[in-house]
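Everything on this sheet refers to the single structure shown next.
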Amino acid sequence: MKSRTHNPKFSHYTFNLRVLSVVVVIASCLVVLLGRMFYLQILQAEYFSERARHQQQSRITLEPRRGTITDRQGRRLAVSVPVQSLYARPQNIKSPYTVATRIAPLLDINRDKLLKTLRTKRSFVWLKRQLPPEVAQKIKTMDFEGLDFVEEYRRVYPNGEMAGALLGFTGVDSQGLEGLEYQYQDLMAGEPEEVVVERDGTRRVIPHTLPHDLKAQRHSIQLTLDNTIQHYTEAALKRGVETSRADRGVAIVMHSQTGAVLSMATYPQFDPNRYRDFDRSTFLNRAVTVGYEPGSTFKILTIAAALEEKLITPEQEFFCENGAFRFAGEDFHDTSPHENLNIEQIIQKSSNICAIKIGTLISPEKFYEYIRRFGFGSRPESGLSGEALGRVLPLQRWTRVDHASISFGHGILVSPLQLISALNVVAADGKWLPPYIVDHAFSEEGDIILETLDEEGKISKKFGAHDPKQLISAETAQILRKMMISVTQEGGTAVEAAIPGYNVAGKTGTSQVF
185 MKSRTHNPKF SHYTFNLRVL SVVVVIASCL VVLLGRMFYL QILQAEYFSE
235 RARHQQQSRI TLEPRRGTIT DRQGRRLAVS VPVQSLYARP QNIKSPYTVA
285 TRIAPLLDIN RDKLLKTLRT KRSFVWLKRQ LPPEVAQKIK TMDFEGLDFV
335 EEYRRVYPNG EMAGALLGFT GVDSQGLEGL EYQYQDLMAG EPEEVVVERD
385 GTRRVIPHTL PHDLKAQRHS IQLTLDNTIQ HYTEAALKRG VETSRADRGV
435 AIVMHSQTGA VLSMATYPQF DPNRYRDFDR STFLNRAVTV GYEPGSTFKI
485 LTIAAALEEK LITPEQEFFC ENGAFRFAGE DFHDTSPHEN LNIEQIIQKS
535 SNICAIKIGT LISPEKFYEY IRRFGFGSRP ESGLSGEALG RVLPLQRWTR
585 VDHASISFGH GILVSPLQLI SALNVVAADG KWLPPYIVDH AFSEEGDIIL
635 ETLDEEGKIS KKFGAHDPKQ LISAETAQIL RKMMISVTQE GGTAVEAAIP
685 GYNVAGKTGT SQVF
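Under my numbering, think of the first position of the sequence shown as 185, with each following residue one higher.
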């Protein structure tokens, strides 16, 4: 039997070969690993950094806080407050059914409708904007993956219905929809800004990475309106409408020496905080957007033109035809029959017939010139949206009947703001003072702004008082003031407006088109 002999040299060679093989394999692995590391960390570094940034960061568009609206004393009429808005990233929601079932009652949304939204293939969907704080907090405590909040701003009107038709309101995106909010949208809103925020492992926005404030330029506006005067004006208007059983009413208080509007009220009112709960007709600021026949209030302007042209004297008397007068084939009447009245008595008793006789002393051309000079047929340029032109019949279409009717305020349409601006000429010693409602705008830093420029560098908006213009003499204005005081005294048509201890000037008027 042969035995195997052991060869030490062969065994040593085999061992060395095995060790070398292991070393080669390990070295090869190290080379591959180092190569991979070089590829990933050096050659592909930018790619993976970008992917990491994409996972940790995202861009969202935020609206800046809208500027504030204040009254002349700086009291806030409209302000933006921070609120939470809820959105979803549907691809990150593990159980849409559970989420919909839990949060639908809180959002006051139909569960099936919400479930359909959560199952959409879109990467981002709004679920509910501007949530009440307590609702937002309840949803946050549920800690659902795929739901998140972003801070937005909700417009709040601290005084509720006060000046609602004047202020207007904004939509959910802080876009001005009515009133001053609409008129000064660009000034108060600023520009939306895209910002980068960081997210945690569940893709939720890390709160401290949200910017505390946006850089977009936005401004606030200070009105000439006075909160206290506005309150009393609205209360008086409401009483007047209800007492007279009217459908609606308008009242304006203007500073007679500047043209500043101190209050502007319409009735019925609406609350801009809850504008969806009100009829859209209440949104209309009838003080500026609607034209009415001025009726007998227009007689003041007819007499002003005749006095200024020296066609009549204050002491002059006119025969009032005992209340019935036929002119140019048409019959005209007074409310009460009168014989002879002087100019003051014509205003005090409000005679249509005598107004016709005075008005037709003025040539149609000159009368039309005065009508336009007093601002009728032109926008007041008060800074309010929707200003009505009114309606002034073109001169070439005037008939003798038109001439007669316009003399006592029929056949012409004017807005309440146009009318008070024209009659204010009497209070302002014959000067035309353009009405205005915005005293100035101001920046976040407190800089006062009196005008804004458009892209071409031209003035687009001008704030504050405008230069006055002399329309009639101070003497004529003084005569008319005295005559208007008689309207509120014994024998006048507005004795209820008298205030003991004060001289109150006024003029009543009845419109056929209202």
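Where a beta carbon is used, it is the ideal one built from N, C-alpha and C, also for glycine.
Host beta strand (DSSP E) of residue i (start-end)
i, result
"R584", "It is not in any beta strand (DSSP E) - R584 instead sits in the alpha helix (DSSP H) that spans R584 to S591."
"K645", "I643 to K646"
"V576", "No beta strand (DSSP E) holds V576; DSSP gives it neither H nor E."
"H415", "Not the beta strand (DSSP E): H415 falls in the alpha helix (DSSP H), residues N411 to S428."
"I436", "G433 to M438"
"V340", "L331 to V340"
Exposure label - residue i; buried when at least 16 CB within 10 Å
i, result
"N564", "In the sequence as displayed, the identity of residue 564 is Pro instead of Asn. P564 is buried by the Cβ-count criterion."
"Y459", "buried"
"T486", "buried"
"P391", "Since pLDDT at P391 reaches only 49, below the 50 mark, its modelled position is unreliable, and the value read off the structure follows with that caveat. Exposed: under 16 other Cβ atoms inside 10 Å."
"V609", "buried"
"Q414", "buried"
"Y686", "exposed"
"G675", "exposed"
"L617", "buried"
"M448", "buried"
"A681", "exposed"
"N411", "buried"
"N524", "exposed"
"N469", "buried"
"R464", "exposed"
"Q268", "buried"
"P317", "exposed"
"E549", "exposed"
"T481", "buried"
DSSP beta-bridge partners of residue i
i, result
"Y281", "For Y281, which the question treats as bridged, DSSP gives no partner whatsoever."
"T354", "G360"
"F626", "S404 and I632"
"L637", "I643"
"R260", "T254"
"K615", "Q654"
"S269", "V334"
"V598", "Y476"
"Y366", "Paired residue(s): none; Y366 is not in a bridge."
"V309", "A272"
"Y459", "Looking at the DSSP assignment, Y459 forms no beta bridge with any residue, so it has no partner."
Rounded distance between the beta-carbons of residue j and residue i, thought under 8 Å
i, j, result
"G543", "F560", "Contact doesn't hold; Cβ gap of about 14 Å is too wide."
"L158", "Y281", "The question about residue 158 has no answer here: the residues shown for the chain are numbered 185 through 698."
"Y366", "G352", "5 Å"
"Y337", "R250", "6 Å"
"P248", "R402", "5 Å"
"I537", "E505", "5 Å"
"T408", "V445", "5 Å"
"L291", "L311", "6 Å"
"G507", "D515", "Not confirmed; about 11 Å, so no contact."
"K653", "K615", "7 Å"
"I546", "L664", "Going by Cβ atoms, the distance from I546 to L664 rounds to 16 Å, so no, they are not a contact pair."
"T254", "Q369", "Incorrect: roughly 17 Å between the Cβ atoms, too far for contact."
"R345", "D455", "Note on identity: in this sequence residue 345 is Glu, with Arg being the wrong assignment. About 5 Å separates the two Cβ atoms, so the contact holds."
"A625", "S404", "7 Å"
"A678", "G693", "That belief does not hold up - the Cβ atoms of A678 and G693 are roughly 10 Å apart, past 8 Å."
"I530", "A539", "7 Å"
"V622", "G567", "5 Å"
Delimiting residues of the alpha helix (DSSP H) encompassing residue i
i, result
"V319", "P317 to M326"
"D296", "R295 to L302"
"T450", "Element bounds for T450: not the alpha helix (DSSP H) but the beta strand (DSSP E), V445 to Y451."
"D370", "Q369 to A373"
"V472", "R470 to T473"
"I226", "Per DSSP, I226 belongs to no alpha helix (DSSP H) and is neither H nor E."
"E492", "K483 to E492"
Test: residue i CB closer than 8 Å to a CB of chain D
i, result
"V472", "Absent here is chain D; the protein component of the structure consists of one chain."
Every unbroken beta strand (DSSP E) inside the stretch 495-571 [3 residues or more]
Within the stretch 495-571, the complete beta strand (DSSP E) runs of at least 3 residues are 501-503, 508-511, 514-517 and 524-526.
Entirely enclosed beta strand (DSSP E) segments - the stretch 644-685, minimum 3 residues
Counting whole runs of 3 or more residues, the stretch 644-685 contains no beta strand (DSSP E) stretch at all.
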